[in-house]
Amino acid sequence: RSVVLALALLRPALAFVPSAGRHGWHRSAPMVASSMQEFDDVVMKTYGRYPITMVEGKGLTLTDSNGKEYLDFVAGIATCILGHGHPGMVKAVTDQINTLHHVSNLYYIPKQGELAVWLVKNSPADKVFFCNSGAESNEAAIKLARKYGHTKLDLEEPVIITAHQSFHGRTLAAITATGQPKYQKDFGPMVPGFEYVTYNDAADLKATVERINSEGKAKKRGVCAIMFEALQGEGGIKPGDPAFFKAARELCDATGALLICDEVQVGMGRSGKMWGFQQLGVEPDVFTSAKALGGGVPIGAMMCKDAANVFGPGDHASTYGGNPLACAAGMAVARAIESEGLLENADQRGEQLRAALKALAAEPELAGVVADVRGWGLLSGIQLSDESGLTAGEVVGKCIEKGLLLVPAGPTVVRFVPPLIVSEAEVDSAVATFKAALEEAVKEKRA
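In this note's numbering, the protein residues as written are 30 to 476.
Rendered as structure tokens:
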């Protein structure tokens, strides 16, 4: 709360006063949208929001404007890994905003250096570029790969291979990298230089690399990078296959291309290991992070090995990237990972959660409803069967009514991504509530 108060004091109180045919402004008391309708009148409808207004959070409990409490298994979509109001996070950002919150990258920033040292120490990376989001970190990786293709592989038309059903962000190059037409619709033409393969299909990947490099040889068109999520999140919680990633690593080694891992959702401990690619037995040349990196404070990072570091001054930049406030939050997350056993907890609670979800398939009331349960650590999904006729959105809605927050990962997959501090009792409570909600949804569907 002290952080919110400090931020509020930094901006002037402006109220918007409309008048006939023009816009006018006057200074007065702070204006807030007092209703959802007023909110919708001024905020673009780029989200399908649930009719809930959250006003407070502590641990895994969120409280809405009516005083109703919810068990949060969304965590800001895999972001708030320390939950809400974590003492270490509160102290770090409060101390930092009282000291220095932003100066730009024209100067050396000690907190940025401290976080970069920690990331390098706890990964295969040698260098770090900071930005503000997952899309930005992936854009940085795409730019790095293209320059690498031009300067190291002597390509005039560098190509990046990504996967169908992937998700890499909403900016233009990132949605081109995203192999899902629904995200690309009405935003064409897409950025050239991307091709797609079937995730976890090593034969398709090998054939695509060979085709691109052989057909494009005369005009210097070739593969500069292979870019995959270690686990596809928005694509339905699909873990990578070690054999597939081994093939990707070998193809990159043979051709000189870069292996890029998108760790925006699965990284920073959510998989039960620091990075998702550690579940696959490979090391990427480049990888990206955001979401959990700041524990809910906006920050992103693109990391690479020295051999891939082709950026020079002026090649890429971010005004807010690596600012002291965001990096202080990042270091609070880093300290908690080291001191609070979060990796072990993510692994153990994840196993507990998936075992309990799999057991639901044996319940008589839920016969034929659960098609699959999959995931790593505290990134889990339960796939509803086609026969059930249920959508993930319907089931999530029922859970919200009963005080459990979940989020879809595609049309028929319900995603569980709680903070990494979740307790054994909270997992049990979430599964019990989910079971009741699912049974109710099934009963209504079969009525």
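Just so you know, even glycine gets a beta-carbon here, dropped at the ideal spot from N, CA and C. Only a predicted model underlies this, so the values are computations on that prediction, with no experimental measurement involved.
In this structure the stretch 278-294 lies against the stretch 243-260, because at least three pairs of beta carbons, one per stretch, are closer than 8 Å.
Beta-bridge partners assigned by DSSP to Trp147: none are found. Taking the Cβ atoms as the reference, Thr108 lies roughly 22 Å from Ser94, outside the contact range of under 8 Å.
Using a C-beta cut-off of 8 Å, the stretch 318-325 makes contact with the stretch 342-359, since at least three inter-stretch Cβ pairs fall below that distance.
For Asp124, the enclosing alpha helix (DSSP H) stretches over residues 116-126.
The C-beta distance from Phe223 to Gln209 rounds to 13 Å, too long to meet the 8 Å contact threshold. Looking at the backbone, the Cα of Ser162 and that of Val315 are separated by about 16 Å. A distance below 8 Å separates the beta carbons of Trp304 and Ser152. Asp183 is not bridged by DSSP to any residue.
By the 16-neighbour rule on beta-carbons within 10 angstroms, Gly341 is exposed. Secondary structure at Leu371: helix, using DSSP grouped into helix, strand and coil. Within 10 angstroms of the beta-carbon of Pro437 lie 16 or more other beta-carbons, which makes it buried. If you check the CB distance, Asn127 and Gly351 do not come in under 8 Å. When only Cα atoms are considered, Glu186 and Tyr177 end up about 11 Å apart. Membership of Tyr225 in the beta strand (DSSP E) is indicated by the continuous run 223-226. Cβ contact annotation for Ala336 (same chain, cutoff 8 Å, sequence separation greater than five): Asp314, in chain order.
Look at the beta carbons and you see the stretch 412-419 not touching the stretch 427-435: under three pairs across the two are nearer than 8 Å.
Residue pairing of Val436 in beta bridges, as defined by DSSP: Arg444. The alpha-carbon separation between Phe68 and Lys275 amounts to approximately 49 Å. Note that the stretch 450-470 touches the stretch 382-389; at least 3 beta-carbon pairs, one per stretch, sit closer than 8 Å.
Its Cα nearest to that of Gly370, the residue Leu449 stands out among Gly397, Ala330, Leu449. Beta-bridge partners of Thr317 (DSSP): Asp291, Met331. When DSSP states are grouped into helix, strand and coil, Thr462 belongs to the helix group. DSSP places Leu91 inside the beta strand (DSSP E), whose first and last residues are 90-93.
Here Gly310 is exposed. Its C-beta has fewer than 16 other C-beta atoms within 10 Å. A distance below 8 Å between beta-carbons, with the five flanking residues on each side excluded, links Arg199 to the following residues of its chain, in chain order: Ala164, Tyr212.
The C-beta of Phe158 has 16 or more other C-beta atoms within 10 Å across all chains shown, which makes the residue buried.
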